[in-house]
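K.L.:
Residue numbers are given in the UniProt record's numbering: position 68 of the sequence shown equals residue 68, and the series is strictly consecutive.
The structure's right below; bear with me while I get my questions together.
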Amino acid sequence: MSDININSLKSLIIFKTLYETGTATRTARDLGITQSGVSRSLAQLEENIGIPLFMRHKKRLIILPEADELYGEILGLLSNLENMKHSIVALREFGASRIRIASAPALGFAYVPKTIARILSDNPKYNVYLDIMPSPEVVRAVEAGYFDVGFVTLPVNSQALVVDELISTEAVCLIPKNHSLAKASVISIEDLKGQHLVIPNQPNLAADQLLLHLSQKNIPIAGKTEANIAAICSLVANGVGITLINPITAYDHQVTRDDLLIKPFTPAFNYRFGLVYKQKWANNRLIGLLKEMVPELPDYLVAQRTHS
Numbered sequence: 001m002s003d004i005n006i007n008s009l010k011s012l013i014i015f016k017t018l019y020e021t022g023t024a025t026r027t028a029r030d031l032g033i034t035q036s037g038v039s040r041s042l043a044q045l046e047e048n049i050g051i052p053l054f055m056r057h058k059k060r061l062i063i064l065p066e067a068d069e070l071y072g073e074i075l076g077l078l079s080n081l082e083n084m085k086h087s088i089v090a091l092r093e094f095g096a097s098r099i100r101i102a103s104a105p106a107l108g109f110a111y112v113p114k115t116i117a118r119i120l121s122d123n124p125k126y127n128v129y130l131d132i133m134p135s136p137e138v139v140r141a142v143e144a145g146y147f148d149v150g151f152v153t154l155p156v157n158s159q160a161l162v163v164d165e166l167i168s169t170e171a172v173c174l175i176p177k178n179h180s181l182a183k184a185s186v187i188s189i190e191d192l193k194g195q196h197l198v199i200p201n202q203p204n205l206a207a208d209q210l211l212l213h214l215s216q217k218n219i220p221i222a223g224k225t226e227a228n229i230a231a232i233c234s235l236v237a238n239g240v241g242i243t244l245i246n247p248i249t250a251y252d253h254q255v256t257r258d259d260l261l262i263k264p265f266t267p268a269f270n271y272r273f274g275l276v277y278k279q280k281w282a283n284n285r286l287i288g289l290l291k292e293m294v295p296e297l298p299d300y301l302v303a304q305r306t307h308s
């Protein structure tokens with residue numbers, strides 16, 4: 001079998017146009033070449049690949065099944081070339097053609113998607129991959145190179161990653177709208193006496209501090225339900241109990257429903273969130289964009305905000 005020799009993208013473009021128009025005359029006109037040039041290109045292509053693509057009958061071209069197959073392959077090739085063009089533009093603009101982002105649940109369901117949307121509004125062809133996982137797993141995944149950047153709950157101890165603090169907030173109390181504490185302007189730790197608490201089923205600094213304070217002050221609670229952070233707000237809305245939660249997650253859920261209330265809580269329990277990535281990404285423009293384009297939070301949710 002002789003080697004297949006396809007070394008001219010132009011000949012494939014001519015074939016594609018001929019396949020779509022059905023005539024050499026229209027192909028020549030559409031491509032701005034001579035009709036004889038179309039015929040020569042087709043003959044050369046058929047000779048190079050060793051199979052006929054059209055059957056000529058009474059000055060008409062009849063498409064053969066082999067041409068159908070080749071046409072589909074060419075469409076795929078051109079799509080890949082178009083993607084490659086966008087990748088080159090992204091490489092030139094950002095130093096990377098795509099970014100893989102991992103996020104802790106506290107930021108991953110609304111806050112990080114808003115950040116990505118702001119970046120893509122100006123760069124719609126940029127490729128982004130997002131996954132949500134517990135903060136320790138985010139750190140390990142970025143360290144291992146499975147993800148390029150991670151949004152995490154601080155503090156983070158990693159010798160392999162750059163850690164930039166982005167936001168510091170104070171925990172809030174999330175309660176059902178018809179709860180007995182609904183009229184309180186501020187919920188105190190003493191108000192939790194006899195209440196059923198909904199807390200994260202994964203390590204959580206604020207929840208751990210809260211349970212410790214309750215124990216130290218001998219404040220009894222009715223019980224507790226542990227759940228994934230994605231389910232906590234729904235459990236509260238359904239009257240299971242009340243929760244102490246970071247205000248970003250609380251706000252993201254409260255604005256989409258009318259059966260939850262956000263209340264300040266005392267004493268203050270702080271949440272800190274940051275961005276982690278390897279040193280090689282430190283000067284990449286995308287890291288700068290991620291830090292610049294994080295959404296603005298309502299003033300009452302923010303204790304401190306830092307761009308490193």
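Quick reminder that beta carbons are idealized off the backbone N, C-alpha and C, glycines included.
So for I33, helix, strand or coil by DSSP?
P.N.:
On the sequence shown, residue 33 is found 33 positions in, with the first residue counted as 1. Residue state, collapsed to three classes: coil.
K.L.:
What residue range does the beta strand (DSSP E) around E137 cover?
P.N.:
As a first step, residue 137 is located in the sequence shown; it is residue number 137 there, counting from the start. Annotation: E137 is outside any beta strand (DSSP E); the continuous alpha helix (DSSP H) that includes it extends over 135-143.
K.L.:
With a Cβ-Cβ cutoff of 8 Å, do V156 and V162 count as a contact?
P.N.:
Along the sequence shown, read from residue 1 onward, the residue named residue 156 stands at position 156. Along the sequence shown, read from residue 1 onward, the residue named residue 162 stands at position 162. Taking 8 Å as the Cβ cut-off, V156 and V162 do not qualify as a contacting pair.
K.L.:
What residue range is occupied by the uninterrupted beta strand (DSSP E) comprising G241?
P.N.:
Position 241 of the sequence shown holds residue 241. No beta strand (DSSP E) contains G241, which DSSP labels as neither H nor E.
K.L.:
Would the region 174-184 count as touching the region 210-230 if we require 3 or more Cβ pairs under 8 Å?
P.N.:
no
K.L.:
If you draw a straight line from the C-alpha of E137 to the C-alpha of Q159, how long is it?
P.N.:
In the sequence shown, the residue the question calls residue 137 occupies position 137. In the sequence shown, the residue the question calls residue 159 occupies position 159. C-alpha separation (whole angstroms): 15 Å.
K.L.:
If you scan the region 168-252 from start to end, which runs of the alpha helix (DSSP H) of 4 or more residues do you find wholly inside it?
P.N.:
205-216, 229-237
K.L.:
Just list the beta strand (DSSP E) runs in the UniProt domain "HTH lysR-type" (7-64), keeping only unbroken ones of 3 residues or longer that don't cross its boundaries, in chain order.
P.N.:
If we require 3 residues or more, the beta strand (DSSP E) runs fully inside the UniProt domain "HTH lysR-type" (7-64) come out as 54-57, 60-63.
K.L.:
Look up V163 in the DSSP assignment and give the residues it is bridged to.
P.N.:
Here residue 163 is taken as the residue at index 163 of the sequence shown, counted from 1. Note: V163 sits in a beta bridge opposite V276.
K.L.:
Tell me the residue span of the beta strand (DSSP E) that contains P124.
P.N.:
Here residue 124 refers to the residue found at position 124 when the sequence shown is read from its first residue. DSSP places P124 outside any beta strand (DSSP E), giving it a letter other than H or E.
K.L.:
Locate the alpha helix (DSSP H) running through R285, then write down its first and last residues.
P.N.:
As a first step, residue 285 is located in the sequence shown; it is residue number 285 there, counting from the start. 285-292 is the span of the alpha helix (DSSP H), which, as asked, contains R285.
K.L.:
Taking buried to mean at least 16 other C-beta atoms within 10 Å of its own C-beta, is L120 buried or exposed?
P.N.:
One-based indexing of the sequence shown puts residue 120 at position 120. It is exposed - the Cβ of L120 has fewer than 16 other Cβ atoms within 10 Å.
K.L.:
The beta strand (DSSP E) that contains A102, what's its start and end?
P.N.:
Position 102 of the sequence shown, counted from the start, is the residue given in the question as residue 102. Counting along the chain, the beta strand (DSSP E) containing A102 begins and ends at 98-103.
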